[in-house]
Amino acid sequence: MKWNLIIKRILFLVVVIGIWQLIFTLNIFEDIIFPSPFKVFTALYEGFAGGDFFVALGASFKHLFSGLSLAIVIGTIIGVIFGKSKQADETAGMYLIAMQSIPSIVWVPLAIMLFGFTEFAVVFVIVLGGTFVMALNVRSAIHNVPPQLTRAARTMGTKGFPLFYRVEIPASIPYFMSGLRLAWAFSWRALMAGELLSNGPGLGYTLSYAQDYARMDQVIGIIIIIGVIGALVDHFVFSKLEKTVMRRWGLQ
Amino acid sequence: MNEGEVLLFLQLKQVGKTFTTEEKQFQVFSNIDLDITENQFVSILGPSGCGKSTLLSMVAGLEEASEGTISLEGSLIKTPGPDRGMVFQQPSLFPWLNVRDNITFPLKGKMTKQEANDHADHFLKMVQLSRFKENYIFELSGGMQQRVAIARALAMDPKVLLMDEPFGALDEQTRHIMHDELMKIWQETQKTILFVTHSINEAIKLSDRIVVMGTRPGRIIADINVDIPRPRERSNLEVIELEKEIMSLLEGEINKVLKEELNQ
Ligand SMILES: Nc1ncnc2c1ncn2[C@@H]1O[C@H](COP(=O)(O)OP(=O)(O)OP(=O)(O)O)[C@@H](O)[C@H]1O
Ligand SMILES: [Mg+2]
Numbered sequence: 009m010k011w012n013l014i015i016k017r018i019l020f021l022v023v024v025i026g027i028w029q030l031i032f033t034l035n036i037f038e039d040i041i042f043p044s045p046f047k048v049f050t051a052l053y054e055g056f057a058g059g060d061f062f063v064a065l066g067a068s069f070k071h072l073f074s075g076l077s078l079a080i081v082i083g084t085i086i087g088v089i090f091g092k093s094k095q096a097d098e099t100a101g102m103y104l105i106a107m108q109s110i111p112s113i114v115w116v117p118l119a120i121m122l123f124g125f126t127e128f129a130v131v132f133v134i135v136l137g138g139t140f141v142m143a144l145n146v147r148s149a150i151h152n153v154p155p156q157l158t159r160a161a162r163t164m165g166t167k168g169f170p171l172f173y174r175v176e177i178p179a180s181i182p183y184f185m186s187g188l189r190l191a192w193a194f195s196w197r198a199l200m201a202g203e204l205l206s207n208g209p210g211l212g213y214t215l216s217y218a219q220d221y222a223r224m225d226q227v228i229g230i231i232i233i234i235g236v237i238g239a240l241v242d243h244f245v246f247s248k249l250e251k252t253v254m255r256r257w258g259l260q
Numbered sequence: 017m018n019e020g021e022v023l024l025f026l027q028l029k030q031v032g033k034t035f036t037t038e039e040k041q042f043q044v045f046s047n048i049d050l051d052i053t054e055n056q057f058v059s060i061l062g063p064s065g066c067g068k069s070t071l072l073s074m075v076a077g078l079e080e081a082s083e084g085t086i087s088l089e090g091s092l093i094k095t096p097g098p099d100r101g102m103v104f105q106q107p108s109l110f111p112w113l114n115v116r117d118n119i120t121f122p123l124k125g126k127m128t129k130q131e132a133n134d135h136a137d138h139f140l141k142m143v144q145l146s147r148f149k150e151n152y153i154f155e156l157s158g159g160m161q162q163r164v165a166i167a168r169a170l171a172m173d174p175k176v177l178l179m180d181e182p183f184g185a186l187d188e189q190t191r192h193i194m195h196d197e198l199m200k201i202w203q204e205t206q207k208t209i210l211f212v213t214h215s216i217n218e219a220i221k222l223s224d225r226i227v228v229m230g231t232r233p234g235r236i237i238a239d240i241n242v243d244i245p246r247p248r249e250r251s252n253l254e255v256i257e258l259e260k261e262i263m264s265l266l267e268g269e270i271n272k273v274l275k276e277e278l279n280q
């Protein structure tokens with residue numbers, strides 16, 4: 009069953025690459041805008057073997073790590089405030105959704121004007137990209153603590169701050185996990201937006217560099233890297249975590 | 017202290033509850049008087065919506081009384097406290113804790129971890145779940161979860177055990193097993209139990225005393241002492257007699273509600 013699935017997925021990939029090769033062989037497009045699969049894989053191989061991609065990836069993950077951690081911390085604090093205080097939620101809750109709906113690339117000019125072409129500007133864009141979605145999810149997490157559980161805890165004499173950290177926090181972990189997963193996805197996108205317009209280093213910068221030198225093989229190669237990393241992290245980290253939590257919390 | 021006061025245990029005096037929502041006021045019941053002595057097993061029976069859960073929540077301290085007073089051993093009840101343990105219709109256990117940690121939840125800060133664990137083990141044995149102490153809640157059946165909830169309430173060593181249709185969500189078979197277990201626990205721990213139920217048969221099978229509530233307005237329409245020796249078989253003539261008596265009381269109430277609905 010499991011093997012069956014893996015074989016199907018590999019076959020699908022083979023078919024896609026086959027069609028790609030076929031189009032290339034038919035010479036419909038110029039080679040410069042439509043490189044062969046082989047050329048792209050060579051570019052990928054050279055990028056990694058020469059170490060350039062590793063350097064770029066390292067820088068990107070550094071940005072992502074700083075930005076995402078900040079987004080998680082700030083988003084959680086904002087989310088808890090909005091979740092616990094009806095006053096705050098009524099006053100400013102709407103604006104949280106407005107902020108969340110702004111695409112992260114919009115923040116890039118602002119970041120460059122504020123911080124110049126620095127790595128800090130990139131991190132700033134990532135923070136803005138991840139914070140609001142995190143805050144919204146933490147807010148829902150708090151709102152969705154089953155009242156049954158707080159009632160039960162209260163009958164056992166639990167109240168005040170212990171009620172918050174012994175019941176409300178653990179009870180909100182499933183939504184918190186979804187928040188993490190989304191914050192990661194948003195930050196990953198923001199990272200690329202920020203780096204594309206930066207002065208490097210980073211994967212996004214390497215991508216715009218390849219564009220400047222009309223290296224379509226590298227451009228496609230890097231797009232593949234971005235997609236593969238996005239899928240791998242989601243699958244092996246966040247999706248797994250979320251599934252484990254949902255199961256334990258009896259939500260599945 | 018005179019003779020009368022010695023007997024006072026759980027006392028409800030002229031208790032009333034009115035819910036106030038934005039514009040409307042809704043009186044669930046008023047003038048509820050109830051004196052419950054220690055070790056008594058009291059069932060509260062009544063049509064849906066008459067305020068059974070509300071009354072129990074008030075004894076638990078989760079809801080405030082709008083009128084009247086509730087006191088336990090002479091002290092007024094205003095807030096929840098570990099002297100009253102509650103078992104809800106839904107088990108309401110904490111899914112992030114294993115069975116044993118659920119039971120030790122209310123004991124934290126009151127004794128050492130080791131003592132709390134020993135305590136939990138004692139009550140887990142009582143509800144026959146010793147084998148499952150390391151398991152998480154999602155790994156248990158509904159009946160097992162409800163047994164953990166009962167063990168958790170007992171572990172606080174409350175003076176009163178409040179149970180709101182605790183077996184309502186269980187199948188017939190499991191419910192009978194739980195009845196037997198609850199009877200054993202009650203005899204073993206000598207707790208005072210206030211038990212809300214929909215089922216006349218369940219009330220008769222378990223209780224020393226059955227309080228029947230009417231509705232619109234909510235009030236006590238009968239207070240019946242059950243002297244039938246235990247165990248009470250369903251085929252016992254006295255049981256059948258009492259069942260009929262309560263049934264006719266409740267039918268009157270339900271018919272009244274239906275008539276009111278139709279006239280509106
Ligand atoms: N928080 C609340 N606000 C407003 N009305 C409420 C609230 N809680 C309960 N009520 C009303 O009080 C009445 C009694 O509710 P309660 O849940 O105590 O009934 P019950 O006897 O337990 O019914 P059931 O047997 O269906 O569980 C109902 O009419 C209900 O609509
Ligand atoms: Mg009820």
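These protein sequence lines map, in sequence, to chains A and B.
Residues 9 to 260 (our numbering) make up the first sequence, in order.
Residues 17 to 280 (our numbering) make up the second sequence, in order.
Cβ atoms here follow ideal geometry from the backbone N, Cα and C, with glycine treated the same way.
Distance CB(residue i)-CB(residue j) smaller than 9 Å
i, j, result
"I185 of chain A", "E250 of chain A", "Correcting the residue type first, residue 185 of chain A is Met in the shown sequence and not Ile. Cβ distance < 9 Å, so M185 of chain A and E250 of chain A count as in contact."
"Q226 of chain A", "L211 of chain A", "no"
"A79 of chain A", "I89 of chain A", "no"
"N114 of chain B", "K149 of chain B", "yes"
"I244 of chain B", "E254 of chain B", "yes"
"V44 of chain B", "T70 of chain B", "yes"
"I234 of chain A", "V48 of chain A", "no"
"A132 of chain B", "L140 of chain B", "no"
Span separating the alpha-carbon of residue i from that of residue j
i, j, result
"K33 of chain B", "E83 of chain B", "7 Å"
"L205 of chain A", "M254 of chain A", "39 Å"
"M17 of chain B", "S91 of chain B", "Annotation note: pLDDT 45 at M17 of chain B (below 50); position unreliable, no value reported."
"I237 of chain A", "F62 of chain A", "13 Å"
"E267 of chain B", "E249 of chain B", "24 Å"
"Q144 of chain B", "E188 of chain B", "19 Å"
"L24 of chain B", "D49 of chain B", "13 Å"
"F246 of chain A", "L188 of chain A", "8 Å"
"N12 of chain A", "V23 of chain A", "17 Å"
"I216 of chain B", "A76 of chain B", "24 Å"
"G65 of chain B", "L190 of chain A", "43 Å"
Residue i, buried or exposed, once every other Cβ within 10 Å from all chains shown has been counted against 16
i, result
"E127 of chain A", "buried"
"L278 of chain B", "exposed"
"E38 of chain A", "exposed"
"N145 of chain A", "buried"
"G20 of chain B", "Because the pLDDT of G20 of chain B is 48, which lies under 50, any placement of that residue in the model is unreliable, and the number read from its coordinates should be weighed accordingly. The residue in question, G20 of chain B, is exposed, as its Cβ has fewer than 16 Cβ neighbours within 10 Å."
"D51 of chain B", "exposed"
"G124 of chain A", "exposed"
"Q27 of chain B", "buried"
"I15 of chain A", "exposed"
"N152 of chain A", "exposed"
"F73 of chain A", "exposed"
"T231 of chain B", "buried"
"A57 of chain A", "exposed"
"L161 of chain B", "The residue you asked about is not Leu; residue 161 of chain B is Gln in the sequence shown. Under this definition Q161 of chain B is a buried residue."
Cβ shell of residue i (< 6 Å), same chain only, five flanking positions each side left out
i, result
"I25 of chain A", "P45"
"H243 of chain A", "none"
"A179 of chain A", "V153 and L157"
Beta-carbon proximity list for residue i, same chain, < 7 Å, skipping 5 on both sides
i, result
"M107 of chain A", "F140"
"A169 of chain B", "G101, M102, V103 and L177"
"L265 of chain B", "V228, I237 and A238"
"W202 of chain B", "F57 and I209"
"V230 of chain A", "Strictly speaking, residue 230 of chain A in this sequence is Ile, with Val absent from that position. L211, T214, L215 and A218."
"R54 of chain B", "In the sequence as displayed, the identity of residue 54 of chain B is Glu instead of Arg. Excluding positions up to five away in sequence, the list reads F25 and T208."
"L72 of chain B", "L178, D180, L210 and V212"
Any C-beta of chain C under 9 Å from that of residue i
i, result
"L109 of chain B", "Within the model displayed, chain C is absent; protein chains A and B are what it includes."
Neighbourhood of residue i by C-beta, 8 Å cutoff - its chain only, sequence neighbours within 5 removed
i, result
"F42 of chain A", "I31, F32, I36 and M224"
"L122 of chain A", "A129 and F132"
"R163 of chain B", "V143, Q144, L145, M194 and E197"
"A165 of chain B", "V103, F104, P107, S108, L109 and P182"
"F121 of chain B", "F110, L113 and R168"
"E218 of chain B", "S59, F183, R191 and H195"
_Three or more C-beta pairs below 8 Å linking the stretch 224 to 238 of chain B and the stretch 49 to 59 of chain B_ = At 8 Å Cβ cutoff, the stretches touch.
_Closer than 8 Å is the cut-off here; do at least three beta carbon pairs connect the stretch 119 to 135 of chain A with the stretch 188 to 201 of chain A?_
Touching, per the Cβ criterion.
*At least three beta-carbon pairs within less than 8 Å, the stretch 143 to 162 of chain A to the stretch 107 to 119 of chain B*: Counting Cβ pairs under 8 Å, three or more are found: they touch.
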